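Chains A and B supply the protein sequences, listed in that same order.
Its first residue numbered 1, the first sequence is counted upward by one per residue in this note's numbering.
Its first residue numbered 246, the second sequence is counted upward by one per residue in this note's numbering.
Where is the CB? At the ideal position from N, CA and C, for every residue including glycine.
Quantities reported herein were computed from a predicted structural model and do not represent experimental measurements.
Below is one structure; the comments refer to it alone.
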Amino acid sequence: MPVRGEWSWTGSSVRGPRHLVEGAPNQDAWRVCCQSKFFVAVVCDGLGSRTHSGFGARAACRAVVAAAGSWSRAGSSSTEALLRLIHAQWAVELGQRAREECATTCLFAMFTSDGRGLLAQLGDGLIYLRSRSLGAVSVSGAARGEFTNETTGLGIATNLAAWSTTELSTVSPGDRVMIATDGVSDDLIEDRRDALLDHAAMRYPPGVADSARALARDLRRWPVARHTDDKTILFAWHGATGVRS
Amino acid sequence: MSDLREFVRPDARPLPVIVLADVSGSMAGDGKIESLNRSLEAMIRSFATEAEGVAEIHVAVIGFADRAELVVPLQPAKSVGLKALSAGGRTAMGAALSITADLVENQEVLPRRSYRPTIVLVSDGAPTDDVSGPIARFQGGTRASKADRMALAIGADADEMMLRKFVSASDGRVYRAQDASNIRSFFKFVTMSVSTRTRSVDPNLLPALPSPGDLDLL
Chain A
1 MPVRGEWSWT GSSVRGPRHL VEGAPNQDAW RVCCQSKFFV AVVCDGLGSR THSGFGARAA
61 CRAVVAAAGS WSRAGSSSTE ALLRLIHAQW AVELGQRARE ECATTCLFAM FTSDGRGLLA
121 QLGDGLIYLR SRSLGAVSVS GAARGEFTNE TTGLGIATNL AAWSTTELST VSPGDRVMIA
181 TDGVSDDLIE DRRDALLDHA AMRYPPGVAD SARALARDLR RWPVARHTDD KTILFAWHGA
241 TGVRS
Chain B
246 MSDLREFVRP DARPLPVIVL ADVSGSMAGD GKIESLNRSL EAMIRSFATE AEGVAEIHVA
306 VIGFADRAEL VVPLQPAKSV GLKALSAGGR TAMGAALSIT ADLVENQEVL PRRSYRPTIV
366 LVSDGAPTDD VSGPIARFQG GTRASKADRM ALAIGADADE MMLRKFVSAS DGRVYRAQDA
426 SNIRSFFKFV TMSVSTRTRS VDPNLLPALP SPGDLDLL
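In structure tokens:
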């Protein structure tokens, strides 16, 4: 069954107070690609201390989409092959820029036309899936640091073991996923994730022109003391959001 | 106000500072315990009024003598009401290190959204219990090994080698206070170091500060 038309999404990314004060650009990036054979949503957070991290984050988004396309066309390749493709494609996207100066986290969710899914995470942030058949699914493990702002990413990791991945055997209508950079995820209350997904479906419904703006507005009014980071969050729904507006 | 407030923690991300204070009998002499109490109080007061940083400084104090005790559970500095520590007994430093490692490894107490903690160990003697196991946790523990560590050896009887082991595998240093008057200098240095971190772009990075002039760097 074609994936196109099955998924809908709303996402926003805003500069944090530090970059606003410094007049610096947003170093987060996000991208969604929905084709007949796959749907992929990616969120990246360029590491603040690196010269070209914003460029690296945007390049990583493009790399994931390009790699997902090649990978899905090839048929039954492994997850490892997809991750290798992402690293290689990211290096191509960087051109002459040094990888370490473009370092970025990389989190993505990919769903294919044969009904399978993959959640993958390199570095800080959150991917959270609420599945009708699988329950709550998140990615954990080596990809995240032990404390805030301690992270790995493209341009830092030297082998695929730094990635954390969760393969999904089935994806069903009603499944919902959110992907966020650590500027958002570190402040989220863990047992309120499902409530946030419900809230997002009502407050930021896909296909409504003002949804992304409303989400951006709420991210700019981030209700946490002394926060500084750029903030990015993406919600995606399989089938109907389940909420009547 | 954001529509997202019911889904997030409103408090600032914590920057934990954990002080392990030797309150054994030898600390009762030469005004050491009095100086330690005054220094701790001044440090916590300074942290409590630190309003500019990106993190909120949290403090825990563990005293150790015949046994180790969590005198001040980890909490925002502005909430700490520190009672004066009194000295007496042996030097259960290993037990204090164990409590500290437990605390750092516990994500309920020290959540992942915290910045990397600073652990400060102050002692004027040698441990009277086993420290090898607890020290190993700071060299190999998942989170404890990442904590920043500083130590102060007070007087000539402090176990410098053990303190060096404690700070090893971190960028930490061991300082020596010749007498009680230097304890204050050390805690001023700790205060400056932590306050500088909270105001920096990345509070996980240790600032390059000159060592206090009246302390020996071991």
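- For the set A:Ala201, A:Val208, A:Arg18, A:Ala74, the Cα lying nearest the Cα of A:Ser49 is the one of A:Arg18.
- Chain-ordered, the chain B residues with CB closer than 8 Å to the CB of A:Asn149 read Tyr360, Asp447, Pro448, Asn449.
- Legend: CB atoms of the segment 388–405 of chain B lying less than 7 Å from CB atoms of chain A belong to residues Arg388, Lys391.
- Under a 10 Å Cβ-count criterion, B:Val446 is classified as exposed, with fewer than 16 other Cβ atoms of the shown protein chains found around its own Cβ.
- Taking a cut-off of 8 Å for Cβ pairs, the segment 371–382 of chain B and the segment 422–429 of chain B do not touch, as fewer than three such pairs fall below it.
- Taking a Cβ-Cβ threshold of 8 Å, none of the residues of chain A is close to B:Ala422; the smallest such distance is about 30 Å.
- Residues of chain B with a Cβ closer than 7 Å to the Cβ of A:Glu100 do not exist, since the nearest Cβ in that chain sits about 16 Å away.
- In this structure, A:Gly16 places its C-beta atom within 8 Å of the C-beta atom of A:His227.
- The C-beta of B:Val299 comes closer than 8 Å to at least one C-beta of chain A.
- CA-to-CA, the gap between A:Cys33 and A:His87 works out to about 18 Å.
- Taking the CA atoms as reference points, A:Glu167 sits about 25 Å from A:Ala200.
- Note that the C-beta distance between A:Ser164 and A:Val139 is below 8 Å.
- DSSP, reduced to helix, strand and coil, places A:Ser36 outside both helices and strands of the structure shown, so it counts as coil.
- In this structure, the beta-carbon distance from B:Thr363 to B:Asp393 falls below 8 Å.
- Under a criterion of Cβ atoms nearer than 7 Å, the residues of chain A adjacent to B:Val253 are, in order, Asp187, Leu188, Ile189, Pro223, Val224.
- Under the 8 Å Cβ criterion, the segment 258–266 of chain B counts as touching the segment 353–367 of chain B, having at least three qualifying pairs.
- Around the beta carbon of B:Glu297, fewer than 16 other beta carbons sit within 10 angstroms, so the residue counts as exposed.
- Looking at A:Ser12, A:Ala60, A:Asn26, A:Ser172, the one whose alpha-carbon comes closest to that of A:Gly95 is A:Ala60.
- Collapsing the DSSP output to three states places A:Gln121 in a strand.
- DSSP, reduced to helix, strand and coil, places B:Ser291 within a helical segment of the structure shown.
- For B:Gln320, the enclosing beta strand (DSSP E) has its first and last residue at 313–321.
- If only uninterrupted alpha helix (DSSP H) runs of at least 4 residues are considered, those enclosed by the segment 326–359 of chain B are 338–350.
- Of all C-beta pairs linking the segment 147–157 of chain A to the segment 98–107 of chain A, three or more are shorter than 8 Å, placing the two stretches in contact.
- Residue state for A:Phe108 is assigned as strand, using DSSP reduced to three classes.
- Using a CB distance cut-off of 8 Å, A:Arg130 does not count as an interface residue toward chain B.
- Taking all protein chains in view, the Cβ of B:Ala313 is crowded by 16 or more other Cβ atoms within 10 Å, so the residue is classified as buried.
- Counting along the chain, the unbroken beta strand (DSSP E) around A:Arg130 starts and ends at 126–131.
- Any Cβ of chain B closer than 8 Å to the Cβ of A:Thr228 would place that residue at the interface, and such an atom is present.
- By the criterion of a C-beta distance shorter than 7 Å, B:Pro452 is surrounded in its chain by Ser438, Thr441, Arg442, Ser445, once the five residues flanking it on both sides are discounted.
- Against B:Leu249, the close residues of chain A are Asp218, Pro223, in the order they occur along the chain (beta-carbon pairs closer than 7 Å).
- Leaving aside the five residues that flank B:Val316 on each side, the residues in its chain whose CB is nearer than 6 Å to its CB run, in chain order, Val306, Gly308.
- Looking at the DSSP output, A:Ser8 shares a beta bridge with A:Trp237.
- Taken atom to atom, the span from the alpha-carbon of B:Arg335 to that of B:Ile380 is near 19 Å.
- For the pair A:Pro173 and A:Phe55, the Cα-to-Cα distance works out to about 35 Å.
- Setting aside the 5 residues that flank it on each side, A:Ala29 is surrounded in the same chain by Cys44, Ala57, Arg58, Cys61, each with a C-beta closer than 6 Å to its C-beta; the list follows chain order.
- Residues of chain A with a Cβ closer than 8 Å to the Cβ of B:Ala257 are, in chain order, Val224, Ala225, Arg226, His227.
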